[in-house]
Structure formats: C-alpha cells, structure tokens
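Chains as they are written, first to last, in the numbering used here: chain A, -9 to 327; chain B, -9 to 327. Backbone N, C-alpha and C fix where the C-beta goes; we use that ideal spot for every residue, glycine too.
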C-alpha cells in the first residue's frame, strides 16, 4: 500500500469516448479524519455506465463532476481511523468515495457492510446500487406480473443479470440480450434465462419474434439505440418499458438516437418510464435483505468481474465497460480487503 | 341530392402526403337495407389525422383500409330506411360509414345521436371520438391532478382543443401549442388557455421555459417530432406524456423521427404512454354526458370547421388537415342534415 493517496481526477469533459487525457492522476498525503469523520482505505471501486453522464456539463439526475474533482464512483473499503460515533476502525463501508485509494467521510451516504455475508465487491453489484436498480426497476417501475414475458438488454451486465434473475424468481419468462456467444451461454446455462439473443450475431427483431411469440410484457432497457427500437416492434398489449439507461448512446458524438418506433407505444397501449434508483433509498435495506436471501438459497447468482491493477488501470477498464468486455459487475481493485 | 351513391375509394397506398391519384371516385346505386340493416343518408364526414395511418399496409391498432375499399371515416347521417329493430327512419346516427353519401349498416358500432342536444357535426368532434380521446387520454392515461401544468400540442385541433378545456375545468394550468397567431389567440381569448405558443413563430423550448417555469406535469401529444422533443426538455418530476398521435410524422417519407430527448424520462422519472380511444368504448356514454353538460354550462366550447363541397372536396380538405388549416374539428359536408 502506498504512503500517499493516489487519485483520478476529471481533467476535461470528453466528447465521445473518454480519452486518457481526460484524466489527471494526482497524489496527496493520506487524508486524516476530523471531528465527526472517519477515514477509509478503499479496496474496490465500482465502474458504471452512468459515470459517462456524470462527466458531462450540467446537472442531470445528479450534479456533474466538476473539472479537477476526484471522479465520482461507488467504492467499498475498511475504516482505518474514526472520530464518528457510528463507524469504528475495522468496519467495512460503502459510499461514493470516488476513484482514489483513501477517503474521509462524515458518514452521510455511507453504509456499513458485512464481508461475512458476501464478498466486498458484491456490495458494488448485486447488493449495491446495480442490484437495487434491477429490483426496483423491475418490480416497481416495470410492475412485473406472474408469467410476464420479460426482455432485458445489457443482460450480462451488473444490472441486467440481476434483473433477469429476479424476473425468473418471480415466475416470468425471461429473454436476455447481450453481446457475444459466451455471455449468452452464461445467461441461459448458469443464470437460467429462458433464451438469450446475441445482438452482435443475430437480427434482434427476428430473434425476438421467435423467443417472444406473444410479445414482450416488460422490457428492462439498459442500452437504448437499435435494440430499443427492435423491442418496440414486439410489444404485447399494455407492455411496460423501463428506461434504466442507454449505454449505447452515452458516447455518441452526433446526438442521442431517439426510438423511431415509439409510436408502437400507442398501438400496444404501452408505457415507457424512466427510473432513478436513488428514489428508493429508504427501501434499500429491505431489498438487499431479499436479494441476499436469494443468493444464500442459490437462486440468485452474483458475478463480479474484478480487474486487478489499481488506479492506473482505471481508464482502460472504463473503456472496456463501454466495449462490453465485462460479464457481471465490473470492479477495479485499488487496495486490500 | 344525387340519385346515386358517390364514394371515395383508396386507389393506391401513398408515400408521403396523399396524392389525388391515390383516390378513386366511384358511384353505384344507392344501397338498400336488408334484413337486420338500416340505410343512412350521410350528412357529414369526419376528417382525422389517423386516416393517414389507415392508408398504410398492415394492421396497426386497427386494420388497414384495403385498396379498392371505400375510405374509412366516421360520419353522421339520417336513417332513410330500416329493417333493424333498434333504428327507425328519421333517427340520426353516427358510425364509421366511410367517405360516401349513403351507407347501409347492421347496427354494429352505430350510435344514435340527438340533434336537439348539439349540431350533427359536434358528434364527430367534441361529443364523438375526438372528445372521447381528449377525455380519457387526459384523465385516465394522463392521470391529471389538480393544479398540474398541462401542455397540449395540436391544441387548436379537435382533440387538443377539448383536452385543454377539460384540463382547465379540472383546475390545471394549461398551455396550448398551435400553428399561427389566430389559433393561439383563439386558445387564450376564447377557450381560456393560460398561454399559447405559436410553434411557427416561436422557439418552443424557450417559450415553454417562460410559460411553464416549474415544468410540465402532463403533456398531451398529438404531433410528435420537434415539439415532442422540446417538451421533453421541460418535464417536471413524475410527468406523464400521453401519446395520442404524431401528425407531424404521418406523412414522413424518411421514417419517423424518434424523440432524441427521451432520456429526459429517466431524469424526470416520467412516463410516456400510448392510448387508443376504442379501449374506452364502454364508457363513451358517461363521458359524452359529462362533456355535453359542460357545453350546456358554457364551460366547454365546441368548434367545427365545416367544409361545404361534397366528396369532390375530400382530397384537398384532407391535405388542409395535414397543413393545419382547420381550427376545431374538420368536417366535410356531403349531404343535408
């Protein structure tokens, strides 16, 4: 472990895919906890598609990261010093500690986590915001019903893989859309999806016609773009589309592609609804307990794709996320557990 | 009145705006009512944006009009002969009698109407499907709440003008979007809209920022295209967009323009929901009674734009609809009351 705190800061607002020069790698002394604060040694940093949006100017559902700031990221770590009554040395914690090795925190937004229940990186995935997003997006926004036909895009990712498994647990027929044969096989053979469509090799529209002959009741969309347009042609009456993200569009330099088949919403009397997981913060605990229970029963598989390599690997790992190189939750290790 | 029945039949499926040659003007003997049928002399034919969709191949929310068929249209008229127990000579009726002067009907889908309560063309507008569309689109699909800020596009049209007035009656703040100063003045000065935006003269996005400073709670969309994209930038948290139609896109030859700002649904936790009025058929009577009551109280103004000229004026009148030449419900007179 280094005697200094290494950090990744936003140097410039990218156009299109982030470039190495959009980051500044800085170092400073390890910060010390003041009154009401604790210090944490970060073990794992979360890499999420949403990060791309945070790099743009202007507030969206959350403020932009300012130029010069440590890049925002969810992270887990271990408390090394504390002047906060709620956190003791040795506690493991989650918060948006940022892309760095050490942080201090006043406790707001920090959650104590239990490494005996699940490995630390799981708290960045299935038991963290991606899991919460899948849970509330599917059950609340998507209003999942028994025997629904559910389609999930980005299905081998952190959110999609959990959303599809929850849908299976709840008695739905589940079709995943992912890129590549390996991911697709993982969905059907290990996660129990009823079908998987490899969008890189198949005509998604045609494949959906076969896999969902009576139409799609719930579409959990993580990708937008052409895949959203394809699913729009296969909606069942009263379908619900959950707009969770649009990773195919985040790096577009010629504007977002709107869904040109959106008038299918009219024909199918369907809805398209946006969701932001933060709205469910008061219910995270209950959802995490249910997800952890399913994991213990072996009904929900949590997979993390952990990149060893520390902060210097951050940029390439982020590009790998947008290239769809990960299966499961993408995590960067920056320190020991 | 002619001794023969003149008809407008679909001759070819148009690409883009319908051409005169997409129609065949035919004549045949006036049809006679068989057992269980009645004959009707049509007085007024309804012209609706939805007609453009019916001219395309393939079923949508309703079957396409086949080549050679009399063009589908709602119409009102007077029963001239009847072998149907439910309809007597002299009764006034509404049904989708088509673009012709006479029709026979077995009663299915036919509704008796009362010309002492409202002029016949009103049954093609405020007390007909456009009024029903406005009523159920706003109150059911749009889930209108007291003090909502409501935006209506195509606001000077048959559906939009009623939707905006219902919203006012229900205690909302209402902004209409229409083309031209005259229409806009009609909305604010006669219908009581709180504001009107002339999309031909104003920057809709900027005008909305002024007229709806705290955002839009319900957007009743009849037009799609650029205006939908503009409203998407001004959504309030939890906004509901009602997709009723997209008249700006119906004649597009290079594909429908999808709403490129649809990710605002996520930021605003908003929804976009399609509606088809036929789903509410069982409740038409109740809604029409309420609308008629508001008309009698002077709280709801019904305006019809009646084109005299008979079937030979059909094509030009339809083009006028797509050019936005009408204020209120566009109706073609084809016979006497």
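- Look at residue 123 (chain A) here: in three-state DSSP terms it is helix.
- Taking a C-beta cut-off of 8 angstroms against chain B, the contacting residues of the stretch 237 to 254 of chain A are 239, 245, 246, 247, 248, 249, 250, 251, 252, 253, 254, listed in chain order.
- The Cβ atoms of residue 250 (chain B) and residue 246 (chain A) sit closer than 8 angstroms to each other.
- In this structure, the beta-carbon distance from residue 45 (chain B) to residue 75 (chain B) does not fall below 8 angstroms.
- Residue 113 (chain B) and residue 106 (chain B) have their C-alpha atoms some 12 angstroms from each other.
- For the stretch 96 to 159 of chain B, the full-length beta strand (DSSP E) segments reaching 3 residues or more read 101 to 103, 139 to 143 along the chain.
- For a cut-off of 8 angstroms, the C-beta gap from residue 33 (chain B) to residue 324 (chain B) is around 7 angstroms, short enough to register as a contact.
- Contact of residue 259 (chain B) with chain A by beta-carbon distance below 7 angstroms involves 264, 265, 266, 269.
- Under the Cβ distance rule, residue 134 (chain B) does not count among the residues neighbouring chain A, no pair being separated by less than 8 angstroms.
- Shortest Cα-Cα distance from residue 226 (chain B) to any of B:88, B:310, B:139 involves B:139.
- Using a C-beta cut-off of 8 angstroms, the stretch 161 to 170 of chain B makes contact with the stretch 134 to 151 of chain B, since at least three inter-stretch Cβ pairs fall below that distance.
- Within the DSSP secondary-structure output, residue 323 (chain A) pairs in a beta bridge with A:34.
- Residues of chain B with a Cβ closer than 9 angstroms to the Cβ of residue 143 (chain A) do not exist, since the nearest Cβ in that chain sits about 15 angstroms away.
- Taking C-beta separations shorter than 7 angstroms and ignoring five residues to either side along the sequence, the partners of residue 281 (chain A) in its chain run 116, 117, 121, 125, 290, following chain order.
- A residue is called buried when at least 16 other Cβ atoms come within 10 angstroms of its Cβ; residue 19 (chain B) does not meet this threshold and is exposed.
- Rounded to whole angstroms, residue 95 (chain A) and residue -3 (chain A) show a C-alpha spacing of 16 angstroms.
- The beta-bridge partner set that DSSP reports for residue 295 (chain A) consists of A:320.
- Per the C-alpha coordinates, the member of B:173, B:171, B:136 positioned closest to residue 156 (chain B) is B:136.
- Residue-level contact check: residue 233 (chain A) touches chain B, since one or more beta carbons of chain B fall below 8 angstroms from its beta carbon.
- Chain-order list of chain B residues neighbouring residue 51 (chain A): 256, 257, 258, 259, by C-beta distance under 9 angstroms.
- In the DSSP annotation of this structure, the continuous segment of the alpha helix (DSSP H) that includes residue 304 (chain B) starts and ends at 304 to 312.
- Runs of the beta strand (DSSP E) lying entirely within the stretch 215 to 275 of chain A, each at least 3 residues long, are 225 to 233, 261 to 264 in chain order.
- Spatial neighbours of residue 82 (chain A) in its own chain (CB-CB distance under 6 angstroms, excluding positions within 5 residues in sequence) are listed in chain order as 68, 103, 105.
- Residue burial annotation: residue 39 (chain B) is buried, with at least 16 other C-beta atoms found within 10 angstroms of its C-beta.
- Per DSSP, residue 10 (chain B) lies in no alpha helix (DSSP H) segment and is marked neither H nor E.
- Rounded to the nearest whole angstrom, the C-alpha separation of residue 229 (chain B) and residue 302 (chain A) is 42 angstroms.
- In its chain, beyond the 5 residues on either side, 122 have a beta carbon closer than 6 angstroms to the beta carbon of residue 274 (chain A).
- Straight across, the Cα-Cα distance linking residue 235 (chain B) with residue 210 (chain B) is about 9 angstroms.
- In this structure, the straight-line span from the alpha carbon of residue 12 (chain B) to that of residue 141 (chain A) is close to 41 angstroms.
- If you compare the alpha carbons of A:263, A:257, A:42 with that of residue 48 (chain B), the shortest gap goes to A:257.
- In the structure shown, residue 1 (chain A) falls within a coil segment according to DSSP collapsed to helix, strand and coil.
- Residues of the same chain with a CB within less than 8 angstroms of the CB of residue 21 (chain A), apart from the 5 flanking positions on each side, are -5, 29, 92, 93, 94 in chain order.
- Boundaries of the beta strand (DSSP E) around residue 68 (chain A): 65 to 72.
- Rounded to whole angstroms, residue 284 (chain B) and residue 311 (chain A) show a C-alpha spacing of 58 angstroms.
- Annotation for residue 194 (chain B): the continuous alpha helix (DSSP H) segment containing it runs 194 to 201.
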